[in-house]
Amino acid sequence: VIVSLHAVDRQSVDQWFVTEVLPLEQALMRFLRRNWRDHAEIADLRQEIYVRVYEAAHRERPHPLKPFLFQTGRNLMIDRLRQSNVVKIETMDDIGWLDVLDADPGPEQRVAARQELRRMQAALDELPPRCREVIVLRRVHGFSQREVAAKMGIKEETVENQVVKGMRMLAAATSDRRGSLIAGARRFLRSKD
Amino acid sequence: VTPNEKTEQTAAQWVAREDRGLRPGEDAVLSAWLEEATGNRLAYLRLRTSWENSARLAALQNSPRFCDSTLARRGWGRLALAAVLAVAVLGGGALYYLARQDQQVVYATRLGERPTLRLSDGTRIQLNTDTAVRASITPATRTVTLEKGEAYFEVVHDASRPFTVLAGNRRITDLGTKFSVRRDGDKVTVVVKEGRVRVDTLTSAPIPVAPVYAEGGHVVLAKADEMLVAPKSEKDLSDDLSWRNGMLVFNQKTLADAADEFNRYNNKRIVVSGAARDIRIGGSFRADNIEVFAQLVRNALGLKVTETNGQIDISQ
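So the protein lines, in turn, are chains A and B.
One gets my numbering by counting positions in the first sequence from 1 and adding 780 to each.
One gets my numbering by counting positions in the second sequence from 1 and adding 2 to each.
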């Protein structure tokens with residue numbers, strides 16, 4: 781374990797978080813999804829893990845990062861299970877050992893640009909129609925939010941709200957393909973009723 | 003709404019505001035919010051990064067699929083720009099999409115669509131419903147891979163630059179012709195309308211399978227290692243290609259097979275059960291009008307036809 785002892789300013793930790801931690805999000809989400817039953821809580825777990833890792837990085841940058849990230853996830857899940865008081869010990873022992881041991885840096889670090897584009901395109905297609913139209917005009921065609929509003933004949937505020945929505949859905953879908961497929965299927969089934 | 007979702011929503015709102023340009027005073031509010039909690043900061047960094055990455059979507063700009071509606075209303079003029087092959091769309095308002103993959107171009111149709119593409123060499127390809135092809139045209143070769151579905155080719159022959167279609171483990175080489183290729187899993191059907199094609203089996207086996215040649219008025223049925231060439235009457239041939247006009251023509255087809263055909267074109271499914279599956283029918287139908295088909299089946303054959311949840315059930 782290599783430790784950097786000097787104090788680090790926040791900007792460089794921010795930078796580290798963006799370039800080193802965020803690219804592992806897909807792997808982390810898969811890990812959580814496999815080990816945590818209530819999938820509605822996964823985004824919450826992810827956020828908590830990020831906070832723990834980010835704060836640890838102010839003291840020292842964890843290296844290698846991926847095992848540390850998963851280990852943090854594992855500890856958090858165990859904490860939560862303890863709090864919930866209803867869990868058998870075996871469950872806790874099962875959590876994610878394989879993943880932690882098997883945590884080589886992995887190719888996820890650099891998802892090929894093309895693959896990412898494909899993933900994004902798929903995510904785009906899962907957006908609700910109006911939201912999709914806004915995101916396509918803004919992101920694919922590069923019109924400003926104001927121009928999008930004018931083109932579509934809607935209020936700028938509405939465009940902004942659709943950007944908020946689309947951004948969140950794209951982030952969720954690109955980091956958690958499986959989760960978004962399930963959500964998409966649910967939406968589809970609901971729409972059939 | 004969990005606290006985390008609230009944080010994420012607020013973070014997304016800030017990234018969206020930055021995206022439209024912050025108004026005076028807003029940056030101070032943003033800074034304060036970012037200082038408030040590490041969670042705020044990280045949710046913001048995450049969404050901002052993801053939003054910045056989504057700028058890559060601009061790569062799809064020339065794809066008709068992402069053509070903005072204002073452009074679409076003006077017509078399809080801009081689409082020609084899209085294709086590295088200078089593809090022109092002949093089929094009216096047909097919806098299809100195209101995206102670059104490596105040096106290739108991918109075309110795909112949704113259910114019920116059947117657009118015609120024209121390649122820069124003059125070759126025309128009409129795609130049937132739920133079809134995907136990959137085209138790679140270089141100065142030396144012309145290759146189209148049928149990933150799934152069915153397509154009709156009118157090839158402009160060029161001896162120095164053979165035109166080949168790959169479908170599963172078959173390679174169809176045009177020898178100056180009009181033909182269609184249909185792929186259902188590992189089964190490949192080639193209907194030759196005019197001219198001549200050569201069909202090779204691509205195999206890693208030590209003993210190569212001999213190619214077959216088929217002329218106009220013939221059909222090649224290929225499955226596993228077997229290939230059958232059979233003559234077809236003028237009428238059968240035009241029935242096989244009737245999809246090009248949006249029609250399905252059946253001649254002594256079982257109701258079960260007819261239903262499968264309709265199901266290729268529509269979201270609404272037809273399910274035939276019991277003895278009704280083996281009843282043979284004939285006739286021509288619009289591929290996208292299964293209601294009419296269902297009515298005819300009810301009235302002419304006296305079968306029980308019920309519709310529930312977007313599914314038509316036919317039984318005796």
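The beta-carbon is built from N, C-alpha and C at its ideal position, and this holds for glycine as well.
Cutoff 8 Å: residue i Cβ touching any chain A Cβ
i      : result
V17/B  : yes
R48/B  : yes
E20/B  : no
L62/B  : yes
E149/B : no
G27/B  : no
L204/B : no
T4/B   : yes
G95/B  : Bear in mind that a pLDDT of 29 at G95/B, under 50, signals an unreliable position, so the number given afterwards is only what the model happens to contain. For G95/B, the answer is no, since every Cβ of chain A falls outside 8 Å of its Cβ.
W35/B  : no
L336/B : Since the first residue of chain B shown is 3 and the last is 318, residue 336/B is not available in this structure.
K8/B   : no
T40/B  : yes
L100/B : For L100/B, the predicted structure reports a pLDDT of 38, less than 50, and the residue's modelled location is therefore unreliable. A value from the coordinates is still provided. It does not: the Cβ of L100/B has no partner Cβ on chain A nearer than 8 Å.
L1/B   : Because chain B spans 3 through 318 in this model, residue 1/B falls outside it and cannot be assessed.
A14/B  : yes
V89/B  : Because the pLDDT of V89/B is 35, which lies under 50, any placement of that residue in the model is unreliable, and the number read from its coordinates should be weighed accordingly. No, no contact with chain A.
T51/B  : yes
S71/B  : Confidence at S71/B is low in this model, with a pLDDT of 41, below 50, so its placement is unreliable and the value that follows should be read with caution. Yes, because at least one Cβ of chain A sits closer than 8 Å to the Cβ of S71/B.
Cβ distance (whole Å) where residue i is taken to contact residue j below 8 Å
i      : j      : result
N268/B : D238/B : Not confirmed; about 24 Å, so no contact.
P233/B : G219/B : 6 Å
E20/B  : A45/B  : Rounded, the Cβ-Cβ distance is 14 Å, inconsistent with contact.
G41/B  : Q827/A : 6 Å
L845/A : V801/A : 7 Å
V914/A : V944/A : At roughly 10 Å, the Cβ-Cβ gap does not stay under 8 Å, so V914/A and V944/A are not in contact.
L904/A : L223/B : About 40 Å; that fails the 8 Å criterion.
L257/B : I283/B : 6 Å
R912/A : V928/A : Actually they are not in contact, since the Cβ atoms of R912/A and V928/A sit about 12 Å apart, beyond 8 Å.
R926/A : E936/A : 6 Å
F264/B : G285/B : About 12 Å separates the two Cβ atoms, so there is no contact after all.
R50/B  : V3/B   : Contact doesn't hold; Cβ gap of about 22 Å is too wide.
S343/B : M949/A : Residue numbering for chain B in the displayed model covers 3 to 318; residue 343/B lies beyond these limits and cannot be assessed.
A836/A : W796/A : Contact flag wrong, Cβ pair sits at about 11 Å.
Option nearest residue i by Cα separation, candidates the options
i      : options                        : result
E152/B : A34/B, L177/B, V192/B          : V192/B
E168/B : V157/B, E156/B, R185/B         : It should be noted that the sequence gives Leu, not Glu, for residue 168/B. Here the closest residue by C-alpha is R185/B.
A212/B : R198/B, E196/B, M229/B         : M229/B
G170/B : D176/B, E28/B, V190/B, R163/B  : V190/B
F295/B : A261/B, V199/B, R282/B         : A261/B
L812/A : I858/A, Q791/A, Y834/A, S792/A : I858/A
T179/B : D280/B, R43/B, E217/B, V201/B  : E217/B
Q318/B : K306/B, G197/B, L129/B         : K306/B
I822/A : R790/A, E840/A, R860/A         : R860/A
F155/B : D176/B, A14/B, S138/B, I139/B  : D176/B
T140/B : R163/B, E149/B, H159/B, V158/B : R163/B
A13/B  : Q297/B, K270/B, V158/B, W53/B  : W53/B
D227/B : E236/B, V214/B, T147/B         : V214/B
I174/B : A39/B, N301/B, R200/B          : R200/B
D956/A : R814/A, R790/A, Q806/A         : Q806/A
L808/A : H843/A, F848/A, P842/A         : F848/A
G922/A : T203/B, L62/B, Q128/B          : L62/B
R43/B  : R898/A, Y834/A, H819/A, R839/A : Y834/A
V939/A : T310/B, R22/B, N301/B          : R22/B
Residue(s) in a DSSP beta bridge with residue i
i      : result
D186/B : K189/B
D315/B : V273/B, T308/B
F165/B : R144/B
Q128/B : T118/B, Y154/B
T175/B : T166/B, R200/B
A232/B : V221/B
V194/B : F181/B, H220/B
M249/B : R288/B
T256/B : R282/B
C-beta neighbour in chain B for residue i, strict 8 Å
i      : result
Q791/A : no
L904/A : yes
E888/A : Because E888/A sits at a pLDDT of 43, beneath the cut-off of 50, its placement in the model cannot be relied upon, and the following sentence gives the value as read from the coordinates. Judged by the 8 Å Cβ criterion, E888/A is not in contact with chain B.
R976/A : It is not possible to answer for residue 976/A, since the shown part of chain A is limited to 781 through 973.
M947/A : yes
V914/A : no
L845/A : no
L950/A : yes
G853/A : no
R910/A : no
G933/A : no
E896/A : yes
T954/A : yes
Exercise. Between the segment 107-123 of chain B and the segment 133-153 of chain B, do at least 3 Cβ pairs fall closer than 8 Å?
Worked result: Three or more Cβ pairs closer than 8 Å define a contact, and the segment 107-123 of chain B meets that threshold against the segment 133-153 of chain B.
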